[in-house]
Structures are given as structure tokens and as C-alpha cells.
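Reading through the C-alpha cells given below for one structure.
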Amino acid sequence: AQTGRWLYPVSKAAILQLTKSQAMDLASDNIRVNAVSPGWTWSNIMDELSGGDRNKTDQVAAPYHLQGRTANPEEVANTVLFLCSDKASFINGTDIRVDGGYSTMGPEGSEPAIPKLME
755 AQTGRWLYPV SKAAILQLTK SQAMDLASDN IRVNAVSPGW TWSNIMDELS GGDRNKTDQV
815 AAPYHLQGRT ANPEEVANTV LFLCSDKASF INGTDIRVDG GYSTMGPEGS EPAIPKLME
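So for the sequence shown, the working numbering puts the first residue at 755; every next one is plus one.
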């Protein structure tokens, strides 16, 4: 849950349930369905909000991620590639969190963090 962000958390919850339901329905066809939940990832929106300052973005993200920074897009992509590989052949109906410990730390608290990127 996040203050001031109703649609995003609800959408994430829906995706996780959809992942489970699709995995159940498609397993008999040998189709695996999984979800990947990234934490803050350096992207166009982070670039725009921070004025292109990756260091600033990492400083804002640090209190919310055990790794103390945002993810590189390649770190999330590597997880997706793993799930598409034969090495993940027995992983089905689950969510893999590529979030640098974000979900371990709990909610952001009562103040939204995203506006700090625009300061």
C-alpha cells in the first residue's frame, strides 16, 4: 500500500492473482505463467523526474531498498530471461520480486517518495 497511489497497488494485486489463475488454467498445456515485480528501476520516467540525475534517484531510493539504489533495467531483464529458460522449467504461478529488498522493508510510510525526485 502507498499513500496517494490507489490505482498502482490495486493493479499490481490484480496482476498477481491473474498470474495464479492463468498458471492453473494453462499448466495442462505446458504453459508456465509467472510475474516479475521490480522495485524502482532506472527508466525514462526516473530520468525525467530527476532531471537525468541517477545519483539523486539512487539517494531518494536508498531508504526504500535494502540494496541502497535503483535497479538497472538489465537486472530485471535477466530475471525475465531466466524465467523464459529451461532452467526455470518448474517455476509456475509465482511472482519473482526483483526489488533490491523493497518489499522486505515494508510500505513507504505516510509521505510519498516520488515527489522527492522532482525537488
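Yeah, the Cβ is synthetic: ideal placement off N, Cα and C, and Gly gets one too.
The secondary-structure analysis by DSSP pairs residue 852 across a beta bridge with 792.
Between residue 825 and residue 869, the C-beta gap is not smaller than 8 Å, which leaves the two residues out of contact.
Ranked by Cα distance from residue 823, the options 809, 797, 838 and 764 are led by 809.
Rounded to whole angstroms, residue 804 and residue 819 show a C-alpha spacing of 18 Å. The C-alpha of residue 843 is placed about 8 Å away from the C-alpha of residue 837.
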